[in-house]
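First residue of the sequence shown: 1, per the UniProt record's numbering; consecutive thereafter.
Glycine residues also receive a C-beta, built at the ideal position from the N, C-alpha and C atoms.
Computed from a predicted structure; not experimentally measured.
Before any comments, here is the structure.
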Amino acid sequence: IHHKLPSSLFSCLKLKHLSLASSIFTPPPPATFTGFCGLISLKLENVTIGADFFHNLISKSPLLEELNLQYCINIDILEIGAPNLKSLYFEGPLKSIGLKNTPLLSTVMIVKTDEPASFNGGQTCNMTKVFCGLRVVECLCLNNGILKYLAEDSIPEMLPSTLDHLKRLELYDLNLGIKAQVSCALCLIRSSPNLQKLEITVSFHEQVIMLCILKIRIEFLDCPSRDGCLNRLRLALLTPFNGTIHELELVKFLLANSSVLEIMHIETPADMAPEVHSKILRKIVRFPRASTKAEIFYED
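In structure tokens form, the structure reads like this:
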């Protein structure tokens with residue numbers, strides 16, 4: 001059940017924090033709404049709000065630092081200009097992304113839940129367009145949904161402008177059986193010269209299993225990292241690790257190119273047979289390591 005918000009809400013001009021769920025925005029006349037000049041954080045979950053009013057609301061909240069949007073009806077075009085925005089969390093269907101005036105945005109998590117065909121009216125998404133507004137991002141989290149869209153367009157070896165401030169990169173449900181998605185991940189890694197922590201949650205769908213059976217390999221080592229792009233990486237986490245060809249190649253790539261790596265944390269499924277667990281570990285410990293300090297933590 002969605003509840004209609006009272007019009008008196010828009011009279012609270014000194015509001016600093018606003019969190020709403022299962023609500024319906026009925027916007028006031030444009031001439032009467034001057035914005036929330038003191039609003040610092042905004043969280044909307046399962047809220048119905050007109051796209052035009054949403055963008056008007058953001059533009060008239062000049063101090064906004066935190067924006068959290070979860071499954072909001074009509075918000076599927078993420079065109080945001082918020083000069084003080086520092087944290088963005090988005091979850092739900094998404095057609096387009098444009099972060100054009102977000103010079104302080106340091107934490108971004110995007111969980112795209114709809115199918116690729118709906119993106120931007122069926123058009124592909126350009127990696128350069130998506131990441132050009134993230135010049136100072138320090139923590140970036142992307143799920144399989146957004147990676148699918150990025151993978152549909154031509155993928156550069158490296159972004160035109162590097163993500164010099166990015167220290168933590170999290171990729172969820174990355175399908176290592178699809179070369180375009182791997183290329184997308186490698187592009188982000190190459191473009192992040194100061195990356196310190198990399199966390200990858202690997203998908204283990206039937207398609208990936210079949211690719212392994214057919215021995216179709218993605219040669220990570222044939223796509224070497226740019227000089228220095230992994231020289232700051234200290235921690236890498238991979239889960240759930242099933243020991244597929246693609247996963248092993250990813251581990252080999254990271255170990256071979258991370259000169260100051262301290263920990264490679266690999267977590268296998270709890271139901272993995274002990275003999276399979278041991279066989280995979282024997283393969284991994286033989287991989288060459290660029291870092292003499294690199295330790296491998298391998299557990300279920």
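Item, Value
"What span of residues does the beta strand (DSSP E) with Gln-196 cover, start to end?", "Where Gln-196 is concerned, there is no enclosing beta strand (DSSP E), given that its DSSP letter is neither H nor E."
"Give the single residue among Pro-93, Asp-52, Gly-92, Ile-73 whose Cα lies nearest to the Cα of Ile-80.", "Asp-52"
"Which residues in the same chain as Ile-189 place their Cβ atom closer than 8 angstroms to its Cβ, once the five residues preceding and following it in sequence are excluded?", "Leu-169, Leu-195, Leu-198, Ser-225, Cys-229, Leu-230"
"Mind the definition here: the region 82 to 90 touches the region 102 to 117 only if three or more C-beta pairs lie below 8 angstroms; say whether that holds.", "yes"
"Would you kindly check if the distance between the Cβ of Cys-187 and the Cβ of Pro-156 is under 8 angstroms?", "yes"
"Does DSSP put Cys-184 in a helix, in a strand, or in coil?", "helix"
"With distances taken from CA atoms, which of His-265, Pro-269, Pro-193, Val-251 is nearest Arg-232?", "Pro-193"
"What residue does the alpha helix (DSSP H) around Phe-131 start on, and which one ends it?", "127 to 131"
"What runs of the beta strand (DSSP E), each 3 residues or longer, lie entirely inside the region 219 to 285?", "235 to 239, 263 to 267"
"Relative to the alpha-carbon of Pro-83, which residue among Ile-77, Ser-59, Leu-13 has its alpha-carbon at the smallest distance?", "Ser-59"
"With DSSP run on the structure shown, which of helix, strand or coil describes Asp-153?", "coil"
"Three-state secondary structure (DSSP) at residue 326?", "Nothing can be reported for residue 326, as the shown portion of the chain is limited to 1 through 300."
"Need the endpoints of the alpha helix (DSSP H) that Phe-53 sits in, please.", "51 to 59"
"What are the start and end residues of the beta strand (DSSP E) that includes Asn-68?", "66 to 70"
"Along the chain, where does the beta strand (DSSP E) that runs through Phe-90 open and close?", "87 to 92"
"Output needed for Asn-74: all residues of its chain with C-beta closer than 8 angstroms, excluding positions within five of it in sequence on either side, in chain order.", "Thr-48, Ile-49, Gly-50, Ala-51, Phe-54"
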